[in-house]
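Chemist:
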Amino acid sequence: MIRHNLIHRSADREEIFRQLEPVCWSDELDCWLVTDPDTIRAAQKSRDLVVICHQAEVQKISRQLNLNLDDISDVLGSMPLSTEGAGHSTRRRRISEKIRTARPATLARFAELADKTFKQCISEKRDVELVSGLFHPLVSDIVLNISGVNMRTRPDYLSATQVFDRALGLKRRLLINGELQHMRSQVSQNSQADDANDALALAILGTDSLLGSFSLSFMERVKSNPGVPMSDMDWSGQLTQTSVPFIERQATTDLDLAGTRISSGQRVRLYLDRFSYEPVASRTGFFGLGRHACPGRSISQGAWQILGKMFSRHQLKVTVKDVQFRSADNMFSFPTILKVEFHEG
Ligand code: HEM
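Its first residue numbered 234, the sequence shown is counted upward by one per residue in the numbering used here.
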């Protein structure tokens with residue numbers, strides 16, 4: 234039997250996507266699952282399917298349990314990804330402009346730091362852990378440059394980026410609330426409220442999406458080219474894997490989605506990871522489509538191209554020795570440990 238809440242972490246998900254109806258109901262998740270690429274695209278364009286109001290859900294938990302989750306609630310209320318209409322357009326414009334302005338200097342810095350950090354990694358050769366040794370420092374630097382927020386890593390890998398996770402336990406919610414307080418303290422003093430909220434949104438939405446997609450795309454290149462030197466691998470222009478396996482929407486009215494009746498109020502889970510099994514050119518689908526499409530796409534692809542060019546300058550071969558994914562993650566799916574060995578022979 235397929236465990237729907239584990240599809241995004243399953244090694245067999247290509248087969249699962251093939252077995253599932255393009256749109257099917259999940260009792261387990263209490264929502265529709267959509268795995269057909271065209272229907273995923275259509276759902277994102279629909280005005281009748283809107284982003285989830287995560288703030289209302291957190292406020293309900295906070296009231297029921299008499300807990301202070303104000304930091305989570307404030308962040309969710311000000312995220313472009315939690316809002317629609319005029320409020321969303323204004324936030325989205327501001328945020329897109331911030332990324333666009335920061336892009337040239339951020340990528341120039343990224344290229345330099347990538348070169349220096351990767352040289353350090355390959356000088357060690359054996360058992361190099363690439364998430365903490367390469368990808369995390371690089372992504373933290375990008376995010377710091379764009380948002381002004383320094384994302385710290387907790388030993389258990391819990392991150393404020395998981396703030397949208399509906400299945401979070403109370404202890405983790407309280408820890409995330411604390412992490413958000415810490416993030417806000419870095420930007421609040423000299424910032425207008427809007428700027429501080431934008432900074433938090435950028436750090437939350439930009440960190441694990443980019444970190445995980447770098448690690449997964451690197452791993453995919455290396456694993457599909459066993460024994461091939463990095464210089465002979467095709468580091469094609471785009472990211473080939475995503476750490477954002479799905480996104481969700483809620484119906485504001487009864488509607489028809491590819492022949493399936495969706496009732497007002499029901500949720501729809503769109504598996505963007507489905508594009509991993511499409512030709513590389515279609516994998517831009519990882520960044521979403523329509524009014525909430527990712528404004529970080531160009532900088533993310535630009536950074537990946539810089540990494541690709543850098544890897545292709547090295548004739549070393551790479552063997553993956555150990556991969557461990559973050560546990561208890563219902564939002565993202567990506568390794569927190571990626572141990573490799575670099576060798577010449
Ligand atoms: C490979 C890396 C990335 C992937 C795969 C990715 C994926 C996505 C996806 C799928 C969405 C749409 C979510 C939805 O419609 O529900 C999105 C939205 C967003 N992303 Fe990214 N993202 C990446 C990197 C970044 C970066 C680096 C930033 C900023 C520094 C960023 C900022 C945002 C923002 C602000 C939104 C919300 C847009 C809106 O609601 O209008 N993302 N991202």
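Yeah, the Cβ is synthetic: ideal placement off N, Cα and C, and Gly gets one too.
The model shown is predicted, which means the values in this text are computed figures rather than measured ones.
Looking at the unbroken beta strand (DSSP E) that takes in E511, where does it start and where does it end?
Modeler: From DSSP, E511 is part of no beta strand (DSSP E); its letter is neither H nor E.
Chemist: Are V501 and V283 closer than 8 Å when you measure CB to CB?
Modeler: no
Chemist: By the three-class DSSP mapping on this structure, what secondary structure does C286 have?
Modeler: Reduced to three states, the DSSP call for C286 is coil.
Chemist: Can you give me the C-alpha to C-alpha distance between W240 and Q422, rounded to a whole angstrom?
Modeler: Note that residue 240 is Ile in the sequence shown, not Trp. Cα-Cα distance, rounded: 42 Å.
Chemist: Quick check: the Cα distance between D441 and F451, rounded to an integer number of angstroms?
Modeler: 15 Å
Chemist: Along the chain, which unbroken stretches of the alpha helix (DSSP H) at least 4 residues long are found entirely within the stretch 302-348?
Modeler: As for any alpha helix (DSSP H) of minimum length 4 sitting wholly inside the stretch 302-348, the runs are 303-311, ordered along the chain.
Chemist: Is the distance from the Cβ of L540 to the Cβ of A347 below 8 Å?
Modeler: yes
Chemist: Below 8 Å on the Cβ atoms is my contact criterion, and I expect A432 with S380 to pass it. Report the Cβ-Cβ distance as a whole number of Å.
Modeler: 4 Å
Chemist: Let me check you understand the geometry: is the CB of T323 closer than 7 Å to at least one non-hydrogen atom of the ligand HEM?
Modeler: no
Chemist: Nearest-angstrom Cα distance between M466 and N458?
Modeler: Taking the Cα positions, M466 is about 7 Å away from N458.
Chemist: Assuming contact is defined by CB atoms lying nearer than 8 Å, are A393 and L371 in contact in what I supplied?
Modeler: Taking C-beta atoms as the reference points, A393 and L371 fail to come closer than 8 Å.
Chemist: To the nearest angstrom, report how far apart Y510 and F351 are at their CA atoms.
Modeler: When rounded, the distance between both Cα atoms is 29 Å.
Chemist: Cα separation between N563 and N238?
Modeler: 8 Å
Chemist: Say yes only if the C-beta of P177 is nearer than 7 Å to one or more non-hydrogen atoms of the ligand HEM, and no if none qualify.
Modeler: Outside the displayed span of the chain (234 to 578) sits residue 177, for which this structure offers no information.
Chemist: Does the Cβ of D389 have 16 or more other Cβ atoms within 10 Å, making it buried, or fewer, making it exposed?
Modeler: exposed
Chemist: Would you mind working out which of R546, V513 and G318 sits nearest S469, comparing C-alpha positions?
Modeler: V513
Chemist: So for F520, helix, strand or coil by DSSP?
Modeler: helix
Chemist: Assign C527 to one of three DSSP states: helix, strand, or coil.
Modeler: coil
Chemist: Rounded to whole angstroms, what is the Cα-Cα separation between M416 and G578?
Modeler: 45 Å
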